[in-house]
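Chemist: Can you read through this structure? Questions will come right after.
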Amino acid sequence: MSGASIGQSLRLTDISPVAMQQMDVWADLPDEPLLATPPNPRHQIRRFSSAEYYVKAGYRKTVAIIKAWKQQHDITEIESSFGSPKTSVRQNITAYITEKLRHLDRLLLFYGQDIQQLRFLNYRGAQLVNHELVEIFVDGGRKYGSHASNCNSHDTYMSRLNEDGSFKSRRRQHAHPSPPQPR
């Protein structure tokens, strides 16, 4: 690619003939700043729902664990007793700060290392899923692309968060015909 610099639109003339052989251009619209190219020659509609995002990121399990721990240690009750910090009334702000300071030791103890590990797992899961979203758009990723290990897209990796915060992962085989084995 040549010709387009930072801040300028990419045009059809900016793509070298060698690169042009490897892509199909969908559209080169004069009003649009970007070229539209499909990831491969055939038409595909790729979807990734928000529910799928949260499940793959591991949010459901970690949020459930945090919620259970909050109820077990009465943190939910303490936090619900606080007033709103979003107010312009000075008395309400003072009452909020006073209530928060009264329970500060218990809150600091609860929101220690264990909860931070679970929150970090949420962050890590979100980063992995965001990377997978880019891969799905570019080349199909694990959801639509083929696996180099066995030439199909039916194998998936199941991950599970254990109670101690460790991760367990294994490959799940779907019911599909396997390629013939050499003798």
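In this note's numbering, the protein residues as written are 9 to 191.
Backbone N, C-alpha and C define an ideal beta-carbon position, used for all residues, glycine too.
#1: I'd like to check one pair, leucine 136 with threonine 70: are the Cβ atoms closer than 8 angstroms?
#2: Can the beta-carbon of arginine 68 be found closer than 8 angstroms to that of tyrosine 61?
#3: Between the region 136–145 and the region 111–124, do at least 3 Cβ pairs fall closer than 8 angstroms?
#4: So what's leucine 78 in DSSP terms, helix, strand or just coil?
#5: Can you find the residues in the same chain that come closer than 6 angstroms, C-beta to C-beta, to serine 92, ignoring five residues on each side of it along the sequence?
#6: State the DSSP-derived secondary structure class of serine 177, mapped to helix, strand or coil.
#7: Nearest-angstrom Cα distance between isoleucine 86 and histidine 111?
#8: In angstroms, rounded to a whole number, what distance separates the CA positions of leucine 5 and lysine 94?
#9: Could you check which residue in Leu117, Tyr104, Thr21 has the C-alpha nearest to that of serine 89?
#10: Would you report the Cα separation of serine 58 and threonine 21, rounded to the nearest angstrom?
#11: With a CB to CB cut of under 8 angstroms and the five nearest residues on each side skipped, what residues in its chain are close to glycine 173?
#12: So, with DSSP's three-state summary, where would you put valine 26?
#13: Who are the near neighbours of isoleucine 101 in its chain, counting only those whose CB is closer than 8 angstroms to its CB and skipping five residues on each side?
#14: Tell me where the alpha helix (DSSP H) around phenylalanine 145 begins and ends.
#15: From which residue to which residue does the alpha helix (DSSP H) around valine 63 run?
#16: Please classify alanine 65 as buried or exposed, where buried requires at least 16 other C-beta atoms within 10 Å of its C-beta.
#17: Check the C-beta distance from phenylalanine 118 over to isoleucine 83 and give it rounded, since I have them as a contact under 8 angstroms.
Modeler: On the basis of the coordinates in this document:
#1: no
#2: no
#3: no
#4: Sequence inspection shows lysine at residue 78; the leucine mentioned does not correspond to that position. If DSSP states are grouped into helix, strand and coil, lysine 78 belongs with the helices.
#5: none
#6: strand
#7: 8 angstroms
#8: With the chain running from 9 to 191 in the structure shown, residue 5 is simply not present.
#9: Tyr104
#10: 37 angstroms
#11: Asp122, Gln125, Leu126, Leu129
#12: helix
#13: Pro93, Thr95
#14: 121–147
#15: 58–65
#16: buried
#17: 5 angstroms
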